[in-house]
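Following: one structure in structure tokens, then a few remarks.
2 protein chains.
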Amino acid sequence: MSAIPKSLSRLIESLARLPGVGSKTAERLAFYILRSPKEYADSLIRAIMDVKKTITFCKSCNSLSEGDLCDICSDPKREKSLICIVENPNDIIAIEKTGQYNGRYFCLMGALSPLDSIGPEDLKIDSLSDLLKREKIKEAIIATDSDQEGDMTALYLSRVLGPLGVKLTRIAFGIPVGSNIEYADRATLTKAFEGRRQF
Amino acid sequence: MSAIPKSLSRLIESLARLPGVGSKTAERLAFYILRSPKEYADSLIRAIMDVKKTITFCKSCNSLSEGDLCDICSDPKREKSLICIVENPNDIIAIEKTGQYNGRYFCLMGALSPLDSIGPEDLKIDSLSDLLKREKIKEAIIATDSDQEGDMTALYLSRVLGPLGVKLTRIAFGIPVGSNIEYADRATLTKAFEGRRQF
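Here it is as structure tokens:
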């Protein structure tokens, strides 16, 4: 299309590769960048460069970090004997937003998925097992997703880590806060009944 | 939040300023950029730089261009005596996609909007008027939006350009192709009846 200058269509193509961004949205974003003050484009470029340059993975928990250890692992106020096992760094961000958890984390970097050929050797299960053997951990909370892969991973972890003598728990499944029981799906409602607690 | 490294939160903030991108989406986009191969980040950065550096506005029609004249204005195969008046460069892209129009364009760079204090002096109406006086134009097609601002702008143009003796037309409003009459709104249906044509 001759109406779009080449450099603009290259930007549209690049933006359309982002997840959830179709060609129409990419067009709108590209036009916004084109019209925005130069300072905005500069700050966006700098932010992308910084992220690619400075972010690595924490040597202790595999989470995102700007140094050898992430902010959480190097925080002396965190409870070292409590560890929460998650699939991905994004999960840590979600849990941190609650402000209720004060332990440390361990990121598996994925979940078991036979369909995608992801087996135990592709996850950081060995180094998790080493960590539980090496350090004094009172409780390991499994917080994998509640989908098939997450369930399978949790089950596998319980078998592998169980013999180590560490208390293993999994976060609760049930009706989300603020929702109607009427609209809850059967599986969630079943889990909610199974997990009922005394007042 | 200590779980997100500083450089990543700066990228999330930058991305959240894009139109239609909320903080959740910005987070997802930032994670994608973080995990994508370095080549992708590099190509995105280069595309943003190129767009900001090379794209200017065409001296003849105000559309986007990489030189003094845009590809359409400098195309000798285009019908010079036919001009289509649009609000923004994006409109040209939409019209070009039809592949049906072979004339040139003129971009007003906005529409009249008293609420946003955009008056005739903020649009390129003077240079449009000069162009119509200076060059031989057989027909000027007004293709402003069918909203209040677009209607107002079309009416204003018809008053200002009418005395110049150029044939002025406005694109048709009616039922969009592929839609049900049952679901058409009242205003569209009224316009569709007003604009009915003999077989």
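Protein chains in written order, with numbering that gives the first Met the number 0: chain A, 0 to 198; chain B, 0 to 198.
C-beta: ideal position from N, C-alpha, C; glycine also.
Note that the coordinates shown come from a computational prediction; the quantities given were computed from them, not determined experimentally.
Per DSSP, A/VAL50 is one residue of the alpha helix (DSSP H) stretching across 37-53. The beta carbon of A/TYR182 sits no closer than 8 angstroms to any beta carbon of chain B. Looking at the backbone, the Cα of A/ASN61 and that of A/ALA40 are separated by about 31 angstroms. Using a 10 angstroms sphere on the CB of A/SER80, the tally of other CB atoms stays under 16, which defines it as exposed.
The beta carbon of A/PHE105 does not come within 8 angstroms of any beta carbon belonging to chain B, so the residue lies off that interface. Contacts with chain A at 8 angstroms (Cβ-Cβ) include B/ALA40. By the Cβ test, the region 76-96 of chain B is not in contact with the region 50-58 of chain A, since fewer than three Cβ pairs between them sit closer than 8 angstroms. Only LEU17, PRO18, GLY19, VAL20, THR24, GLU26, ARG27, LEU28 from the region 17-28 of chain A bring a Cβ to less than 9 angstroms from some Cβ of chain B.
Beta-bridge annotation (DSSP): A/THR168 is paired with A/ILE140. Here the region 120-135 of chain A makes no contact with the region 65-73 of chain A; the two share fewer than three CB pairs at distances below 8 angstroms.
The beta-carbon distance between B/ALA171 and B/GLY149, rounded to whole angstroms, is 14 angstroms. This is too long to meet the 8 angstroms contact definition. For a Cβ distance threshold of 8 angstroms, residue set LEU17, PRO18 of chain B lies close to A/TYR31, ordered along the chain. Comparing C-alpha distances from A/ASP144 to each of A/ARG34, A/CYS106, A/LYS135 shows the shortest one belongs to A/CYS106. Taking a beta-carbon distance threshold of 8 angstroms, B/ILE3 counts as an interface residue toward chain A. Just so you know, the alpha carbons of A/ARG27 and A/GLU120 end up roughly 43 angstroms apart. Excluding residues up to 5 positions away in sequence, SER64, LEU68, CYS69, CYS72 lie with their Cβ nearer than 6 angstroms to the Cβ of B/CYS57 in the same chain. Of the candidates B/THR24, B/GLU134, B/ALA46, B/TYR182, B/GLU134 places its Cα closest to the Cα of B/ARG103.
The closest CA to that of A/ILE11, considering only B/ILE92, B/PHE192, B/GLU78, is found on B/ILE92. For the C-beta of A/ASN89, the chain B residues within less than 7 angstroms are, from N- to C-terminus, PHE30.
Annotated three-state conformation of A/SER112 is strand, per DSSP.
By alpha-carbon distance to A/ALA191, the top candidate from A/LEU43, A/GLY161, A/GLY109, A/ILE174 is A/ILE174.
Judged by DSSP secondary structure, B/VAL85 falls within the beta strand (DSSP E) whose first and last residues are 78-85.
Within chain B, SER42, LEU43, ALA46 have C-beta atoms less than 7 angstroms from the C-beta of A/SER13, given in sequence order. Boundaries of the alpha helix (DSSP H) harbouring B/PHE30: 22-34, taken from the DSSP string. For B/ALA183, the CB contacts under 6 angstroms within the same chain, skipping 5 residues up- and downstream, are ILE174 in chain order.
Ranked by Cα distance from A/SER128, the first of A/VAL159, A/ALA153, A/ASN101, A/LEU33 is A/VAL159. B/ARG9 and A/ALA46 have their alpha carbons spaced roughly 6 angstroms apart. About 43 angstroms separates the CB atoms of B/TYR155 and A/PRO18; that is not less than 8 angstroms, and the two are not in contact.
By the Cβ neighbour-count rule, A/ASP90 is buried, with 16 or more other Cβ atoms within 10 Å of its own. At a cut-off of 8 angstroms, the C-beta of B/VAL85 has no neighbouring C-beta in chain A. A direct Cα-to-Cα measurement between A/ILE44 and A/LYS37 gives close to 11 angstroms. Distance between A/ALA142 and A/MET108, taken at the CA atoms: about 13 angstroms.
Taking C-beta atoms as the reference points, A/GLU138 and A/THR97 fail to come closer than 8 angstroms.
Residue state for A/PHE198 is assigned as coil, using DSSP reduced to three classes.
For the options B/SER42, B/THR55, B/ASN101, B/ILE94, the alpha carbon positioned closest to that of B/ASP74 is the one of B/ASN101. Counting only residues of its own chain and dropping the five nearest sequence neighbours on each side, A/SER59 has a CB closer than 7 angstroms to the CB of LEU68, CYS72.
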